[in-house]
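To start, the structure under review is shown below, and the notes come after it.
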């Protein structure tokens, strides 16, 4: 018997506890039908096409479909299971068909085109002009001008890509979940701090096993690689982590990688673009693959010599300490941590007591309050998809509703790795009402133990601030149209709000607000704050080169014709050659688990993390000049960046905020890759 389907009714908050998996497919089919009817109303209208009856009507069509699919696909990332994954494979082709039916609807396109061609005669706002341009390009860049046979081919490609991308992600998640390193001899864990041992013991107990269990989830994997002295066990973990989707078995992703890359290329060619990267970058700040390659090369030129010096120093240190002649990838975090401790007398175990999760959450709330006047109140009457999730009502200084925030912090089996921001409802203005957004941040932080609360590593602290920066972009949105609201901006601009907020984690003025010892309440000692700042650039050359290598790998798949690539590993090795520091590991392959570009939205866009670092370094320099809690600078950032979404070209918005274009020097200087003045 099918239970009552609450997704078919109007709802303000996602009704998680009332949703059954069996509801999703019929609801999505029903919502597609409703959205089709709205499209038909536009195409069948006898009125002369204008902005309101065509462009705005199209923009606000399919609202129920958008809400239901956002709930479904967010659950598929944060709380999935085999049943949800099966439904995803079933509904994704239906959604792809609907999208293509809309994009390739000639009558609809003709109406959009007729408005586009007379836009100079219309009195449109800047935001309306942007929306019109976006709608027109959504058609023209996705096959509306193609002949019927080519449109049919495009539809087939899109369906296959949708299915392959889901399969890629499912394989990575299953690979992550199925591996466990079971340790029964405590001597094997020499060097690992007690807090991490406690967590591993708890994992083993949950599985009704003796000893300790370590997994490929970041809160388990990272400390193991950083602290465990047993080199063979570190190697075992590194090989497992680095070979996800690369075992020539039913979870192997090599064929998926090749198919995705080749289909994307075919699709770009069909649409008149040289490569997938040319197609993607046409709507990015970077504009062309050549510009991206030049940008990456420019940073690499400055970072590579520093990285080679750092690598040589690390190798010499490992040799002196333990007689290691050849530094391997599974040695990187371990000896890096040892050297960092020697140079700065600073490690996670010293810092973690000052970063209890609850305190860090309050810290990011306080920083947001001082900058933007926001207040966060935990609420308990909003439905949640898992008991771990916290919900907060966000208001401003006038007590006006700003947003609802969901926060989901700990790893579990049905949750993919990493950290991200997403939404359950966008911000928009309709019929005079400013609909406020429902935003969610999802992370995989260290869980509380039986003895201690959740204590974060400093890297986890910066991750929380990073995702919260994205959340601010969503929460402070203030535009009319949902598709250009909040974080719906050019992909190489989207990381600016997230990356800039990380800077406050290194500032004494900010740390004093929340970094307090979880037992004594003592504020973090200033000597530790100084060491955090001093160590901020530790191995920055190697970290920069590593990040650049990911951007280069991405473009190696998407910035060329991949038709003749047959060996994923060989291709990857060639792409990594300019940035190579460590010896290659033949059993490992990054591409087969590179979810950002083969499952997420970062294909031909991974460079954007580095691109946004230039923007964020330039932005934070402005804050430092005026004071890191300057309301004047914060208001300018809010008014010109955070609230504006994608209403104008990002460089226009940035120059309005900053008064000038950003320069890479601010980033290179901050990273210690340029001499300080």
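Numbering (the UniProt record's numbering), first residue to last: 1 to 677. Glycine included, every Cβ here is placed at the ideal spot set by N, Cα and C. All values reported here derive from a predicted model rather than from experimental measurement.
Could you tell me whether the region 499-515 touches the region 607-617, using the rule of 3 or more Cβ pairs below 8 Å?
yes
Which first and last residues belong to the beta strand (DSSP E) in which residue 395 is found?
Working through the chain shown from its first residue, we reach residue 395 at position 395. Looking at the DSSP string, the run of the beta strand (DSSP E) that includes residue 395 is 390-395.
Hey, residue 87 and residue 24: beta-carbon distance below 7 Å or not?
The count along the chain shown starts at 1 and reaches residue 87 at position 87. The count along the chain shown starts at 1 and reaches residue 24 at position 24. Yes, they are a contact pair.
So what does DSSP say about residue 213, is it helix, strand or coil?
The residue labelled residue 213 in the question sits at position 213 within the chain shown. Strand at residue 213.
Ends of the alpha helix (DSSP H) at residue 530?
Position 530 of the chain shown, counted from the first residue, corresponds to residue 530. Unbroken alpha helix (DSSP H) run through residue 530: 526-535.
4-residue-minimum alpha helix (DSSP H) runs that sit fully inside the region 225-250, ordered along the chain
231-242
Report yes or no: do the region 638-655 and the region 514-530 share at least 3 C-beta pairs separated by less than 8 Å?
no
Which residue comes first and which comes last in the beta strand (DSSP E) that contains residue 404?
For the purposes of this step, residue 404 is identified with residue 404 of the chain shown, where counting begins at 1. It spans 401-408 - the beta strand (DSSP E) in which residue 404 sits, taken as one unbroken run.
In angstroms, rounded to a whole number, what distance separates the CA positions of residue 1 and residue 18?
Against the chain shown, residue 1 aligns to sequence position 1. Against the chain shown, residue 18 aligns to sequence position 18. The pLDDT assigned to residue 1 is 46, lower than 50, so where the model puts this residue is not dependable, and the model offers no usable value.
Given this structure, state the Cα-to-Cα distance separating residue 504 from residue 360, to the nearest angstrom.
Counted from its first residue, the chain shown places residue 504 at position 504. Counted from its first residue, the chain shown places residue 360 at position 360. For residue 504 and residue 360, the distance between alpha carbons rounds to 12 Å.
Distance, Cα to Cα, residue 696 vs residue 657?
Residue 696 falls outside the range modelled here, since the chain spans only 1 to 677, and no answer is possible.
Please give the ranges of any alpha helix (DSSP H) in the region 61-106, keeping only runs that are unbroken, at least 4 residues long and fully inside the region.
63-78 and 82-103
Mind the definition here: the region 364-377 touches the region 394-410 only if three or more C-beta pairs lie below 8 Å; say whether that holds.
yes
Using a threshold of 7 Å, state whether the C-beta atoms of residue 135 and residue 172 are closer than that.
The residue labelled residue 135 in the question sits at position 135 within the chain shown. The residue labelled residue 172 in the question sits at position 172 within the chain shown. Result no, Cβ atoms of residue 135 and residue 172 do not sit closer than 7 Å.
Name the one or two DSSP bridge partners that residue 375 has.
What you label residue 375 is simply residue 375 of the chain shown in a count that begins at 1. According to DSSP, residue 375 bridges with 395.
Selected residue, minimal CA-CA separation from residue 481, among 472, 455 and 436
On the chain shown, position 481 is the one that residue 481 refers to. Out of 472, 455 and 436, 436 has the C-alpha closest to the C-alpha of residue 481.
For residue 427, count the other beta carbons within 10 Å of its own beta carbon; 16 or more makes it buried, fewer makes it exposed. Which is it?
By one-based count along the chain shown, residue 427 stands at place 427. Classification of residue 427: buried, given that the 10 Å Cβ count is 16 or more.
What first and last residue would you give for the alpha helix (DSSP H) that runs through residue 288?
Residue 288 sits at position 288 when you count from the first residue of the chain shown. That residue, residue 288, is in no alpha helix (DSSP H); it is neither H nor E in DSSP.
Would you say the region 299-311 touches the region 530-542, given that touching needs at least three Cβ pairs under 8 Å?
yes
Just the Cα atoms here: how many angstroms apart are residue 381 and residue 267?
Taking the first residue of the chain shown as position 1, residue 381 is located at position 381. Taking the first residue of the chain shown as position 1, residue 267 is located at position 267. The alpha-carbon atoms of residue 381 and residue 267 are separated by roughly 46 Å.
Stretch pair the region 280-297 + the region 599-609: three plus CB contacts closer than 8 Å:
yes
Mapping DSSP to helix, strand and coil, what is residue 1?
Here residue 1 refers to the residue found at position 1 of the chain shown. Low confidence applies here, because residue 1 scores a pLDDT of 46, under 50, leaving its location unreliable and the question unanswered by this model.
Flag this pair as yes or no: are the beta carbons of residue 278 and residue 562 separated by less than 7 Å?
Along the chain shown, one-based indexing puts residue 278 at 278. Along the chain shown, one-based indexing puts residue 562 at 562. Going by C-beta atoms, residue 278 is not nearer than 7 Å to residue 562.
Suppose you measure from the CA of residue 533 to the CA of residue 358; what does that come to, to the nearest Å?
Taking the first residue of the chain shown as 1, we reach residue 533 at position 533. Taking the first residue of the chain shown as 1, we reach residue 358 at position 358. Going by the C-alpha atoms only, they are around 23 Å apart.
Which residues mark the beginning and the end of the beta strand (DSSP E) in which residue 552 is found?
In the chain shown, the residue the question calls residue 552 occupies position 552. Unbroken run through residue 552 is the alpha helix (DSSP H), 540-558; no beta strand (DSSP E).
Just how far apart, CA to CA, sit residue 445 and residue 177?
In the chain shown, residue 445 corresponds to position 445, counting from 1. In the chain shown, residue 177 corresponds to position 177, counting from 1. For residue 445 and residue 177, the distance between alpha carbons rounds to 16 Å.
Please report the Cβ distance between residue 195 and residue 388, rounded to the nearest whole angstrom; I am assuming they are in contact, meaning their Cβ atoms lie under 8 Å.
In the chain shown, residue 195 corresponds to position 195, counting from 1. In the chain shown, residue 388 corresponds to position 388, counting from 1. No, residue 195 and residue 388 are not in contact; Cβ-Cβ is about 19 Å, not under 8 Å.
Roughly how many angstroms lie between the CA atoms of residue 145 and residue 45, to the nearest whole one?
Here residue 145 is taken as the residue at index 145 of the chain shown, counted from 1. Here residue 45 is taken as the residue at index 45 of the chain shown, counted from 1. Approximately 22 Å between the Cα atoms of the pair.
Residue 206 versus residue 78: straight-line alpha-carbon distance, rounded:
Mapped onto the chain shown, residue 206 falls at position 206. Mapped onto the chain shown, residue 78 falls at position 78. When rounded, the distance between both Cα atoms is 21 Å.
7 Å Cβ cutoff met for residue 589 and residue 241
As a working mapping, residue 589 is identified with position 589 in the chain shown. As a working mapping, residue 241 is identified with position 241 in the chain shown. Not a contact, by the Cβ cut-off of 7 Å.
Beta-carbon within less than 7 Å of residue 83's beta-carbon, same chain only, minus the 5 sequence neighbours each way: which residues are those?
Residue mapping note: residue 83 aligns to position 83 of the chain shown, counting from 1. Cβ within range, chain order: 21.
Per-residue DSSP class, three states only, for residue 358
Residue numbering aside, residue 358 sits at position 358 when the chain shown is read from its first letter. Residue 358 falls in the helix class under three-state DSSP.
Rounded separation between residue 626 and residue 633 - CA only:
In the chain shown, residue 626 corresponds to position 626, counting from 1. In the chain shown, residue 633 corresponds to position 633, counting from 1. So the two alpha carbons sit approximately 7 Å from each other.
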